[in-house]
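One structure is given here, and the rest of the page talks about it.
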Amino acid sequence: MVALVWGGCSRPQPPLLVNLVPALEHLERAGARIVYFNGAAYPELLKRKPVWLVESDREAGSERVRSLAQAALNPKLFRQMDRQEHFEMLLLAGDPVQYRPLMEHLIKTQDWALDRVDPWSLVYRRGGVETINPKAIMDVAAQWDAAAPEVRAQALAAMAERLVVAGRLEVAGQLVAAATQADPHSSAAWIAEGWYRLARGEWAQAMAAANKALAQEKRNRAALSVKAQGLYFSKHFEEAYELSRGLLADAPEDPVMLFTHAKIAHEVRAFQEEIRLLRKLIGIAEREKRSTSWYRVFLGQALAMTGEGTEAVQSFNQALADPELPADQRDFARSAQARVELRIRPPSENGTPRESNK
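Position one of the sequence shown corresponds to residue 1 (my numbering), numbered consecutively onward.
Here it is, written out as structure tokens:
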């Protein structure tokens, strides 16, 4: 089973120069007229102006473009837009961390099929039947067979990272092995192995891969993020906290890093810090018109741990008011809310609730 890695760290573009032309040509050959694209794809689309980029999308600050970008972090918004526009294909470019929530949703619903992968993008086609196989993926990877070892390693590693997010671990593992063999000194290759090992639940191997990347680049943020998550999942919470705190200091407005550190802060019982970070995340999500319900579930839990029972119940209520809160999260929120209510309003001797004196 694929382990869902809940956090990550936004990173600058890798040294491999971005090239979305192959993906755009693929979309054109498929005859796609209504295409979803995420925020990282937009600057490249403006340069090449594909036929499906409508005129209003080419204006700076377009409302639709902002919504498309936000949908990568908000599957609920993606579904709303899809119902309105009925996308034929999806183009996801840039750092996979930035569209992980949407990818996890697509894997769960299984109504979109992976159609193409390269070092810069993933393309999906509507429908649950896969239209790409391992041979087709390896044929794309073969385009870098004659490249310099460091370039080949970067290309294969970038493809592997995207396949990990897409849940295609078998072929991702093959590409990781080829990348590390092409250039054993490539930090990109070892980072890709780290993500691959995290997805497989192999925490020690993930940290070992991160350490090999850090031996090449001591302050590589992606490698530090892999190591922090390996420490977290292997329950070395104090060490994970120190790494995560440093990463957050470098990117204090990054929602992915904020949530990552909030989770780790909870495990070291730094509840006030967790509460502060979750409230910041809620504020960011509200400004971007994204769902806040999952953050509010965690916030309710943290408030309860600090004795703020009434506020905790309010936070759980706000989360439960979202009709699209997933069933497992809804069950968790209801159970946690009931425990808090029992503590602040314990039953009287005749079994009816009464106000706590605490």
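Glycine residues also receive a C-beta, built at the ideal position from the N, C-alpha and C atoms.
Query, Result
"List the residues that DSSP assigns as beta-bridge partners of L122.", "L92 and V117"
"With DSSP as the reference, label F37 as helix, strand or coil.", "strand"
"If we call anything under 7 Å between Cβ atoms a contact, is E333 one with A319?", "In the sequence as displayed, the identity of residue 333 is Ala instead of Glu. Yes, they are a contact pair."
"Please list, in chain order, all residues of the same chain as P50 whose beta carbon is under 6 Å from its beta carbon, the five residues on each side excluded.", "L24"
"Report back the beta-carbon spacing between A40 and D95 to the nearest angstrom; my notes put them in contact at under 8 Å.", "7 Å"
"Exposed or buried, which one is R100 when buried takes at least 16 other CB atoms within 10 Å?", "buried"
"Could you pull the start and end residues of the alpha helix (DSSP H) that I344 belongs to?", "A327 to I344"
"As an exercise, report each continuous beta strand (DSSP E) stretch of at least 3 residues that is fully enclosed by the segment 37-112, in chain order.", "89-93"
"Is it buried or exposed for D183, if we count other Cβ within 10 angstroms and need 16 for buried?", "buried"
"Since R221 is in the alpha helix (DSSP H), which residue starts that stretch and which ends it?", "R221 to F233"
"Does the separation of the CB atoms of D118 and V151 fall below 7 Å?", "no"
"If you run the structure through DSSP and keep just helix, strand and coil, what is S186?", "coil"
"Where do the ends of the alpha helix (DSSP H) carrying A30 lie?", "V21 to A30"
"Quick one: is A166 buried, meaning 16 or more other Cβ sit within 10 Å of its Cβ, or exposed?", "buried"
"What residue range is occupied by the uninterrupted alpha helix (DSSP H) comprising V18?", "Segment: none, V18 is in no alpha helix (DSSP H) and carries neither H nor E."
"Between D111 and chain C, is any beta-carbon pair separated by less than 7 Å?", "Protein chains in the displayed structure number just one, and chain C is not present."
"Are the CB atoms of A32 and M89 nearer to each other than 7 Å?", "yes"
"Among the residues of its own chain, which have a CB less than 6 Å from the CB of E44, if the five just before and after it don't count?", "L20"
"Just mark N74 as buried or exposed, buried being the case when its beta carbon has 16 or more other beta carbons within 10 Å.", "buried"
"Out of E311, S293, Q314 and R343, which has the shortest C-alpha to C-alpha gap to P323?", "S293"
"How do the segment 242-253 and the segment 200-210 stand: do at least 3 beta-carbon pairs fall below 8 Å, yes or no?", "no"
"Kindly indicate which three-state DSSP category N211 falls into: helix, strand or coil?", "helix"
"Count the other CB atoms within 10 Å of the CB of T310; is the residue buried (16 or more) or exposed (fewer)?", "exposed"
"Suppose you measure from the CA of Y196 to the CA of I344; what does that come to, to the nearest Å?", "44 Å"
"For the structure I just gave you, are there three or more beta carbon pairs, one from the segment 176-191 and one from the segment 152-164, closer than 8 Å?", "yes"
"Do the CB positions of E267 and F237 come within less than 7 Å of each other?", "yes"
"Report the rounded CA-to-CA distance for P252 versus L281, giving the unit in angstroms.", "11 Å"
"Could you check the C-alpha separation between A30 and A113 for me, to the nearest Å?", "14 Å"
"Does DSSP put G7 in a helix, a strand or coil?", "The predicted model places G7 with a pLDDT of 49, which falls under 50 and marks its position as unreliable; any figure quoted below should be read in that light. G7 falls in the coil class under three-state DSSP."
"Per DSSP, what kind of secondary structure is R200 in: helix, strand or coil?", "coil"
"On a Cα-Cα basis, can you pick out the residue from M138, A270 and P255 that is closest to Q70?", "P255"
"Taking DSSP as the reference, what is the three-state secondary structure of R168?", "coil"
"Taking only three categories from DSSP, how would you classify D139?", "helix"
"Per DSSP, what kind of secondary structure is R269 in: helix, strand or coil?", "coil"
"In the structure shown, what three-state DSSP assignment does H236 receive?", "coil"
"Taking the C-alpha atoms as reference points, what is the distance between H26 and R125?", "11 Å"
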